[in-house]
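J.: Residues in the sequence shown are numbered from 1 upward in steps of one, following full-length UniProt numbering. Please see the structure below; I have some questions.
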Amino acid sequence: MWKQQWKTLASNRTLLISVIVLLFIPIMYAGTFLGSIWDPYGKTENFKVAVINHDQAVEMDGEKLNVGEQLVDNLKENDTFDWQFVKNETKANEQLKTGDYYMVITIPTDFSKNAATLLDDEPQKMQLNYATNPGKIMTGDLIATQGATTINQTISQTVTEQYSQALFAQITKMGDGFGEAADASSKLTKGTNTVKTGNETIAENLKKNVR
1 MWKQQWKTLA SNRTLLISVI VLLFIPIMYA GTFLGSIWDP YGKTENFKVA VINHDQAVEM
61 DGEKLNVGEQ LVDNLKENDT FDWQFVKNET KANEQLKTGD YYMVITIPTD FSKNAATLLD
121 DEPQKMQLNY ATNPGKIMTG DLIATQGATT INQTISQTVT EQYSQALFAQ ITKMGDGFGE
181 AADASSKLTK GTNTVKTGNE TIAENLKKNV R
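So this is what it looks like as structure tokens:
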């Protein structure tokens with residue numbers, strides 16, 4: 001049953017992109033949790049962002065679903081920020097307080113488990129946890145609202161893109177018949193800006209994931 005549902009979802013590009021758009025709304029608004037910072041040179045690759053992966057893989061119809069691990073792999077290939085992949089959460093939070101890290105992103109243990117409920121009547125939230133301490137790296141007149149917006153949007157967009165690719169990569173592994181979906185993966189992010197319709201049932205399910 002699970003494989004058939006995922007196949008149906010993946011075979012319809014418009015439907016799948018609609019699902020992804022709704023699913024990522026919490027991440028797109030992650031900027032509301034971030035502080036203000038101005039980077040006059042736009043060198044975001046110098047900002048250290050720690051990533052802690054607590055996600056535990058789950059099994060669906062004999063297939064392994066590990067969205068957290070896939071997200072980490074994707075971020076390792078991304079150079080927009082200076083991603084730091086750490087396992088010690090206590091140490092990471094200490095470095096956040098001292099200003100060594102601009103932000104700490106934590107992937108919770110139930111990330112993949114909740115992803116597996118996407119087509120359930122009561123889907124669970126897939127939510128990344130953010131913590132930031134921009135005060136340690138702010139300097140006088142360099143602080144500006146526009147700068148804060150730029151940095152925050154860049155982080156949100158980067159993580160959203162990698163997040164979508166991670167989930168998409170996992171979906172394509174869930175069974176046969178996903179070739180068409182795999183071909184669409186590279187267009188997924190751009191497609192999110194133009195999608196206007198989708199399956200109402202799945203859309204309603206995903207709306208429950210949004211705070």
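All residues carry an ideal CB built from backbone N, CA and C; glycine is no exception.
First and last residue of the beta strand (DSSP E) that includes phenylalanine 85?
T.: Looking at the DSSP string, the run of the beta strand (DSSP E) that includes phenylalanine 85 is 82-86.
J.: For leucine 128, tell me which candidate among Val58, Lys91, Asn88, Val67 has the shortest Cα-Cα distance.
T.: Out of Val58, Lys91, Asn88, Val67, Val67 has the C-alpha closest to the C-alpha of leucine 128.
J.: Buried or exposed for isoleucine 27, going by 16 or more other Cβ atoms inside 10 Å?
T.: Note on isoleucine 27: pLDDT 46, under 50, position unreliable in the model; the coordinate value appears next. Per the 10 Å Cβ criterion, buried.
J.: What are the boundary residues of the beta strand (DSSP E) that residue 259 is part of?
T.: Within the shown structure, residues of the chain are numbered from 1 to 211, placing residue 259 beyond reach of any answer.
J.: Just tell me which of Glu45, Leu65, Asn93, Pro108 has its CA closest to the CA of asparagine 78.
T.: Out of Glu45, Leu65, Asn93, Pro108, Glu45 has the C-alpha closest to the C-alpha of asparagine 78.
J.: In three-state terms, what does DSSP make of threonine 44?
T.: Helix, per DSSP.
J.: Look at the Cβ atom of glutamine 70, then the Cβ atom of alanine 166, and state whether they are nearer than 7 angstroms.
T.: Yes. Within cutoff.
J.: Apart from the five residues just before and just after glutamine 84, which ones in its own chain have a Cβ nearer than 6 angstroms to its Cβ?
T.: Cβ neighbours of glutamine 84 beyond the five flanking positions: Lys48, Ala50.
J.: Exposed or buried, which one is leucine 142 when buried takes at least 16 other CB atoms within 10 Å?
T.: Here the model assigns leucine 142 a pLDDT of 40, short of 50, so the residue's position is not dependable and the matter cannot be decided.
J.: Under 6 angstroms Cβ to Cβ from phenylalanine 33, same chain only, skipping five residues before and after it: list those, please.
T.: Because the pLDDT of phenylalanine 33 is 37, which lies under 50, any placement of that residue in the model is unreliable, and the number read from its coordinates should be weighed accordingly. Cβ within range, chain order: Tyr130.
J.: Three-state secondary structure (DSSP) at lysine 113?
T.: If DSSP states are grouped into helix, strand and coil, lysine 113 belongs with the helices.
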